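Chain order of the listed sequences is A and B. Taking our numbering, I'd label the letters of the first sequence as residues 3 to 248. Taking our numbering, I'd label the letters of the second sequence as residues 3 to 80. Note that CB positions come from ideal geometry on N, CA and C, so glycine has one too. For clarity, every value in this text was computed on a predicted model and none was experimentally measured. In what follows, a structure is listed as structure tokens, so that the remarks can point back to it.
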Amino acid sequence: MFDLAGKTALVTGATGGIGGEIAKVLAQAGAKVALSGTRKERLEAVAAEIGENAVVVPANLSDSESVDGLIKAAEEALGGQLDVLVNNAGITRDQLAMRLKDEDWQAVLDVNLTSAFKLARNSLRGMMKRRHGRIINISSIVGVTGNPGQANYAAAKAGMIGWSKSLAQEVAARGITVNCVAPGFITTAMTEELGDAQKEKLLGGIPAGRMGDSKEIAAAVLYLASDEAAYVTGQTLHVNGGMAMI
Amino acid sequence: MSDVADRVKKIVVEHLGVEEDKVTENASFIDDLGADSLDTVELVMAFEEEFGCEIPDDAAEKILTVKDAIDFIEKADS
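Structure (structure tokens):
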């Protein structure tokens with residue numbers, strides 16, 4: 003089950019905790035994986051851990067030219083057309099809405115929402131021809147529940163779920179699925195920034211009584227990337243220890 | 003019938019799985035040949051590949067019939 007031998011994948015934000023883990027799990031399942039991110043050295047370190055199934059395609063998703071060229075660059079590096087796109091890259095610029103600057107709103111929307119859509123659109127041509135493709139978007143629980151201080155992030159993550167459902171309907175008959183994975187509270191550098199008091203409060207709201215692990219997100223992605231998940235599309239798989247049951 | 007017309011018709015027959023005699027020059031992809039909007043996008047992709055040309059989005063939107071496709075490609079070729 004969940005064998006990805008002979009498949010290719012692109013994971014954006016592969017320098018991060020969740021992205022790196024997704025890339026590893028897809029490669030372990032047999033896929034050849036292109037790792038994208040802004041920090042080349044870090045990407046190369048992750049690629050070295052994975053071994054021969056990994057290639058590195060640095061890109062800065064806040065730069066629209068970089069976004070436009072990424073699918074082509076990844077396909078060249080992979081030596082074939084893309085089967086699985088994992089839109090994982092994301093940034094935060096947290097601030098109370100009343101103090102949220104235009105540029106911090108825009109930057110988060112550009113990277114987390116717009117670039118992900120463009121990458122999906124640009125990867126569809128090949129997927130349509132081959133009547134097979136998997137687009138997996140890493141959204142967030144925050145996109146569904148909201149979170150104080152994250153109006154921009156929540157808007158982007160909710161938007162992602164919206165376009166995924168639209169796209170899923172457009173391409174379902176062509177063997178392409180489009181789904182989201184919505185992580186809850188996962189141990190990563192992004193959540194490390196939270197204070198202890200904030201963490202404690204959050205843990206109180208998680209029935210599982212612990213934070214999630216990147217591996218638990220990667221496992222959800224692996225499932226959606228597999229042939230076995232062919233009949234699952236337009237869905238959001240919540241991986242959050244019961245924090246929100248939606 | 004021109005070579006372009008033959009090749010266009012062949013693509014339409016293959017792609018939409020319709021009878022060859024239904025693919026007349028005035029046949030509309032959607033109204034007469036049962037294509038949906040995504041089929042028309044795919045047809046344009048197939049034309050681009052077959053003829054090695056690029057069909058920009060605004061031109062693609064105007065390709066509604068077999069004749070539209072033939073005319074566009076013949077114009078692009080010349």
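Per DSSP, cross-strand counterpart(s) of L37 of chain A: A:V13 and A:V58
Chain B contact residues for R127 of chain A, given Cβ-Cβ distances below 7 Å: M47
Contacts around K11 of chain B, its chain only, beta-carbon distance under 8 Å, and the 5 residues preceding and following it disregarded: E22, V25 and V68
Contacting positions in the region 14–46 of chain B - beta carbon closer than 7 Å to chain A: L40 and E44
Through-space distance from D60 of chain B to L87 of chain A, alpha-carbon basis: 28 Å
Within chain B, partners of M130 of chain A - CB distance below 7 Å: E44
Counted within 10 angstroms of its Cβ, other Cβ atoms place K34 of chain A as buried (16 or more) or exposed: buried
Coarse secondary structure for I188 of chain A, derived from DSSP in three states: strand
Cβ-Cβ distance between R136 of chain A and T179 of chain A below 7 Å: yes
Beta bridge counterpart(s) of C182 of chain A as assigned by DSSP: A:N139 and A:T238
Under the three-state DSSP convention, the category N124 of chain A falls into: helix
Positions along the region 171–202 of chain A whose CB lies within less than 8 Å of some CB in chain B: E172, V173, A175 and R176
A157 of chain A vs G236 of chain A beta-carbon contact at 7 Å: no
Limits of the unbroken beta strand (DSSP E) element including L40 of chain B: First-last for L40 of chain B: S39 to F53, but that is the alpha helix (DSSP H), not the beta strand (DSSP E).
Under the three-state DSSP convention, the category G19 of chain A falls into: helix
CA-to-CA distance, K26 of chain A to E46 of chain A, given in whole angstroms: 13 Å
8 Å contact criterion, which G145 of chain A and G186 of chain A should meet: CB distance rounded: 11 Å between Cβ atoms; not a contact.
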